[in-house]
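Student: Chains as they are written, first to last, in the working numbering: chain A, 1 to 438; chain B, 439 to 876.
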């Protein structure tokens, strides 16, 4: 079940009567905070809104970590990445250690990006996926059309700040209301990834649209801010599972028929520091749910393991490590291995460099004879894009604010930013004692 | 998919013709080792076998860790537990540290068992569940009837050795063949639990029925040993999921209706040392699969977390810890919590003492006002027993030797015992270069 509120009633063309209904509205026990069910009748429609009865336009904002499109952007990308305590917790010395580590790593990482063609393809894929999804939504969900695709990256261009300003330029918010969906492109929720992106989105929302943070806003502008909802996790969406299964099957078909069922599938996800796991981050469990769903779809034909890649630094991270696993299996004589990037939907440095050029290269040096292979990332998969549209379409119809699970902070969480962000996105605003657990 | 071999063809009443078919048999690409498809025509039927065309009797052997039925058994139980490197890896000093720790802990643990009524109820529940399941199987699977219930515990009576000898006394093996199913009562596979039980079963099989280990066996006795198959994991069996969902729903109904959807569900499983997790143990992922399936069945109505309990000793274990989680949530004002034992099917010291008398007691001392509760363990749940029968019935019909996944050792595994055990139970015997990955 999701946390829901009636977006129809939050739309900008309201009547006096619907305002009354709105302020009294409650849904499945979750009362709608007054400031979110306020009357917006006086608010002008967004400039791009069509006048044919649609509640659109709707901004569909794809959130992801992003990656440097050119090697010149690597320095800035890494400095933002190592400054983010949600992603890489470095303790009280974060502001000192972060820049130090990022400066030291920049030359090495520049070479890696040079090695995969000079930059990350993640912007290209994200923009393509968002645009293609919106085309489908315009047909399947005419009531919220037109759907406008946006991309907001956490560490690379287009940054969240840039995208938020673009939304305002395009006619959303600033007194004109309008609806935007923050759609995480991490299928499994982690405070390090989706949580960090939402913290950043909330930060810019406060800076640009909150009257308490931005005194230049007029009363009307403050009233007609963007109405956000969040698609915060989708680890076992059947379309996602199908897209993974298709790409795995394609790769398995490259092996001779008599060994095909004995190929070991290694589902590989970015690891997490144990400090994050032990705080109660939901990511390891949700990644496991994806893996189980994909294996179920494939009929458990092949033996498999979920393994974890891309550990950085000396602290303890969740294992087994992908690279060690491949090395161990190849040394034991199990050379037929398919690596499946299971927690990222587009190619990025961890697939194109770490898996393809490091892990597989090392396996071949140990005698794997080209039998360690990688399933293609979802990238432009039509099945995947259809899944995105299916998921977003249901969200737009359903009036979800976010999942029920998003309201629950990790048991060991002490982040005030996380608390405020969750209060905002779950629609609980300043209601400190609301029923939903924070 | 499972590793299969045709049990029908391994039955003891064979004809000369079926022997030929047998030796040529292959199933879905997995060739049957010669020594397992050998002709058993000369073997006498088990003494308890009925003569009405049934392939039974079939021994249904429930494997679990067990628990001391009286406080006098605590010392022996703990000494076996801390001697088991599969469960508690203490390194090269295991033989020294194990007895030391178990002796030191015995008085404390005795008190805990005294506090839950003088002993563990796990034997009572296991014998009840196995017997009730067999009654159902006798009706649903007449071709393998009668089904005879057995319990084999790893650390308490009835120990695996005792149960194996009972099987031999009852007419299985020793030249009489007969089929036995090793049915793990841990729904999710860990090398620490199911793996350890299988290692123990394999050890006694070798000692009692292998001609290389037991030269007193006659040729006929060695030929007609027990034919084992294994139900090695069932984390998302729909009946299991339904049984959990029922007990959770019952507990949720004890909360007032207006807070019911805001109760946080804490699925609690026994933790693992990080050394085992990092070796690639499948348990954390399979527990997560159970949790996801139960939440899916419940419609994700409530926020939840998967948490881990019962850490012992100073080394790193997988978290977040159950007790810390409850403390943190209660301190933050989230008092409505339901604890769900998700990786064990009967009550035991970790539910009756650790959760009920420690965790919940501490929560109440922090002001939880009785709002932290526990869902009942599956114990005598008819839905659960039906699930066991459903699962076992499908296994008996399907000719499974074990799951496909069981053949794959953990990436970091270096245990020769584990290797040999898997070779035996997957039916690969001495075939060192078989297709299945070991």
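We treat Cβ as the ideally placed atom computed from N, Cα and C, and that holds for glycine. Source: prediction; values computed, not measured.
1) Give every residue of the same chain whose Cβ lies closer than 7 Å to the Cβ of residue 383 of chain A, excluding the five residues on either side of it in the sequence, and list them in chain order.
2) Of all Cβ atoms in chain B, is any one closer than 8 Å to the Cβ of residue 300 of chain A?
3) Looking at the C-beta of residue 228 of chain A, does it have a partner C-beta in chain B at a distance below 8 Å?
4) Using three-state DSSP, classify residue 588 of chain B as helix, strand or coil.
5) Check distances from the C-beta atoms of the stretch 319–337 of chain A to those of chain B and list, in chain order, the residues that come in under 9 Å.
6) In whole angstroms, give me the CA-to-CA distance for residue 324 of chain A and residue 793 of chain B.
7) Can you name the residues that DSSP bridges to residue 778 of chain B?
8) So residue 716 of chain B contacts chain A; which residues on that side make the cut at Cβ distance below 7 Å?
9) Which residue spans inside the stretch 811–848 of chain B form an unbroken beta strand (DSSP E) run of at least 3?
10) Round the Cβ separation of residue 498 of chain A and residue 224 of chain A to the nearest angstrom and send it over; I've been treating them as touching at under 8 Å.
11) In whole angstroms, give me the CA-to-CA distance for residue 758 of chain B and residue 519 of chain B.
12) If you measure beta-carbon to beta-carbon, which residues of the stretch 723–738 of chain B are closer than 7 Å to chain A?
13) Output, in chain order, the set of chain B residues within a Cβ distance shorter than 9 Å of residue 274 of chain A.
14) Consider the Cβ of residue 399 of chain B: report whether some Cβ of chain A lies at a distance smaller than 8 Å.
15) With DSSP collapsed to three states, give me the class of residue 49 of chain A.
16) Name the two residues that bound the continuous beta strand (DSSP E) containing residue 648 of chain B.
17) What separation, rounded to the nearest whole angstrom, lies between the Cα atoms of residue 748 of chain B and residue 708 of chain B?
18) Tell me whether residue 62 of chain A sits in a helix, a strand or coil according to DSSP, three-state version.
19) Flag residue 849 of chain B as yes if its beta-carbon sits less than 8 Å from any beta-carbon of chain A, otherwise no.
20) Are the C-beta of residue 678 of chain B and some C-beta of chain A separated by less than 8 Å?
21) Ordered along the chain, which non-local residues of its own chain (more than five positions away) have a Cβ less than 6 Å from that of residue 754 of chain B?
22) At a CB-CB cut-off below 8 Å, which residues of chain B make contact with residue 217 of chain A?
23) Applying a beta-carbon distance threshold of less than 8 Å, which residues of chain B neighbour residue 405 of chain A?
24) Nearest to residue 343 of chain A by CA position, among A:206, A:125, A:193, A:205, is which residue?
25) Would you mind working out which of A:118, A:307, A:127, A:385 sits nearest residue 359 of chain A, comparing C-alpha positions?
26) Mind checking residue 499 of chain B: buried by the 16 CB within 10 Å criterion, or exposed?
27) In chain A, which residues lie less than 7 Å from residue 508 of chain B when you measure between Cβ atoms?
28) Counting Cβ pairs closer than 8 Å, one from the stretch 502–518 of chain B and one from the stretch 584–601 of chain B, do we hit at least three?
29) Could you give the distance in angstroms between the alpha-carbon of residue 425 of chain A and the alpha-carbon of residue 207 of chain A?
30) DSSP three-state label for residue 107 of chain A, please.
31) Rounded to whole angstroms, what's the CA-CA distance from residue 416 of chain A to residue 771 of chain B? Just pull it up for me.
32) With DSSP run on the structure shown, which of helix, strand or coil describes residue 874 of chain B?
33) Name the DSSP bridge partner or partners of residue 229 of chain A?
34) So, does the CB of residue 674 of chain B fall closer than 8 Å to a CB anywhere in chain A?
35) Nearest to residue 171 of chain A by alpha carbon, out of A:294, A:56, A:159?
36) My guess is that residue 302 of chain A and residue 346 of chain A are in contact by the Cβ rule of under 8 Å, so how many angstroms apart are they, rounded?
Tutor: Based on what the coordinates show:
1) For the purposes of this step, residue 383 of chain A is identified with residue 383 of the first chain, where counting begins at 1. Only 239, 242, 243, 246 meet the Cβ criterion.
2) Locating residue 300 of chain A in the first chain gives position 300, counting from the first residue. Taking Cβ atoms only, chain B reaches closer than 8 Å to residue 300 of chain A, which makes this a yes.
3) Residue 228 of chain A sits at position 228 when you count from the first residue of the first chain. Residue 228 of chain A does not count as touching chain B.
4) Here residue 588 of chain B is taken as the residue at index 150 of the second chain, counted from 1. It is a strand residue.
5) 319, 320, 321, 324, 325, 326, 327, 328, 329, 332, 333, 334, 336
6) For the purposes of this step, residue 324 of chain A is taken as the residue at position 324 of the first chain. For the purposes of this step, residue 793 of chain B is taken as the residue at position 355 of the second chain. Their Cα atoms are separated by approximately 37 Å.
7) Here residue 778 of chain B refers to the residue found at position 340 when the second chain is read from its first residue. Per DSSP, B:705.
8) To locate residue 716 of chain B, count along the second chain from 1; it is residue 278. The contacting residues are 319, 320.
9) 838–841
10) With chain A covering only 1 through 438, there is no way to say anything about residue 498 of chain A.
11) The sequence position of residue 758 of chain B within the second chain is 320, counting from 1. The sequence position of residue 519 of chain B within the second chain is 81, counting from 1. Approximately 24 Å, taken between the alpha carbons.
12) 723, 726, 727, 729, 730, 737, 738
13) Along the first chain, read from residue 1 onward, the residue named residue 274 of chain A stands at position 274. Residues of chain B passing the Cβ test: 712, 754, 756, 757.
14) Not covered by the structure: residue 399 of chain B. The range shown for chain B is 439 to 876.
15) Position 49 of the first chain, counting from 1, holds the residue named residue 49 of chain A. Because residue 49 of chain A sits at a pLDDT of 45, beneath the cut-off of 50, its placement in the model cannot be relied upon, and the following sentence gives the value as read from the coordinates. Looking at residue 49 of chain A - three-state DSSP - the assignment turns out to be coil, as it is neither helix nor strand.
16) Position 210 of the second chain holds residue 648 of chain B. Note, residue 648 of chain B: premise wrong, no beta strand (DSSP E); not H, not E.
17) Indexing the second chain from 1 puts residue 748 of chain B at position 310. Indexing the second chain from 1 puts residue 708 of chain B at position 270. Cα-Cα distance, rounded: 6 Å.
18) Reading the first chain from its first residue, position 62 is the one you call residue 62 of chain A. Looking at residue 62 of chain A - three-state DSSP - the assignment turns out to be strand.
19) Taking the first residue of the second chain as position 1, residue 849 of chain B is located at position 411. Yes, residue 849 of chain B lies at the interface with chain A (some Cβ there is under 8 Å from its Cβ).
20) Here residue 678 of chain B is taken as the residue at index 240 of the second chain, counted from 1. For residue 678 of chain B, the answer is no, since every Cβ of chain A falls outside 8 Å of its Cβ.
21) Here residue 754 of chain B refers to the residue found at position 316 of the second chain. 712, listed in sequence order.
22) Start at 1 with the first residue of the first chain, and residue 217 of chain A comes out as number 217. None at all; the shortest Cβ gap to chain B is about 33 Å.
23) The count along the first chain starts at 1 and reaches residue 405 of chain A at position 405. Within chain B, the residues near residue 405 of chain A are 738, 741, 742.
24) Looking up residue 343 of chain A in the first chain gives position 343. Residue 343 of chain A has its Cα closest to that of A:193, out of A:206, A:125, A:193, A:205.
25) In the first chain, the residue the question calls residue 359 of chain A occupies position 359. Taking only the C-alpha atoms, the option nearest residue 359 of chain A is A:307.
26) Your numbering for residue 499 of chain B matches position 61 in the second chain. Counting Cβ neighbours within 10 Å, residue 499 of chain B comes out buried, since at least 16 surround it.
27) Residue 508 of chain B sits at position 70 when you count from the first residue of the second chain. Per Cβ cutoff of 7 Å: no residues; residue 508 of chain B is ~37 Å from chain A at best.
28) yes
29) Residue 425 of chain A sits at position 425 when you count from the first residue of the first chain. Residue 207 of chain A sits at position 207 when you count from the first residue of the first chain. Near 15 Å, if we compare the C-alpha coordinates of residue 207 of chain A and residue 425 of chain A.
30) Taking the first chain and counting its residues from 1, one reaches residue 107 of chain A at position 107. Helix, per DSSP.
31) To locate residue 416 of chain A, count along the first chain from 1; it is residue 416. To locate residue 771 of chain B, count along the second chain from 1; it is residue 333. Each residue's Cα considered, the two are about 16 Å apart.
32) To locate residue 874 of chain B, count along the second chain from 1; it is residue 436. Note on residue 874 of chain B: pLDDT 49, under 50, position unreliable in the model; the coordinate value appears next. In the structure shown, residue 874 of chain B sits in coil (DSSP, three-state: anything other than H, G, I, E or B).
33) Counting from one through the first chain, the residue named residue 229 of chain A turns up at place 229. Its beta-bridge partners are A:181.
34) The count along the second chain starts at 1 and reaches residue 674 of chain B at position 236. So yes, residue 674 of chain B belongs to the interface.
35) As a position in the first chain, residue 171 of chain A is number 171, starting the count at 1. When each option's Cα is compared against that of residue 171 of chain A, the closest is A:56.
36) As a working note, residue 302 of chain A is residue 302 in the first chain. As a working note, residue 346 of chain A is residue 346 in the first chain. Rounded, the Cβ-Cβ distance is 25 Å, inconsistent with contact.
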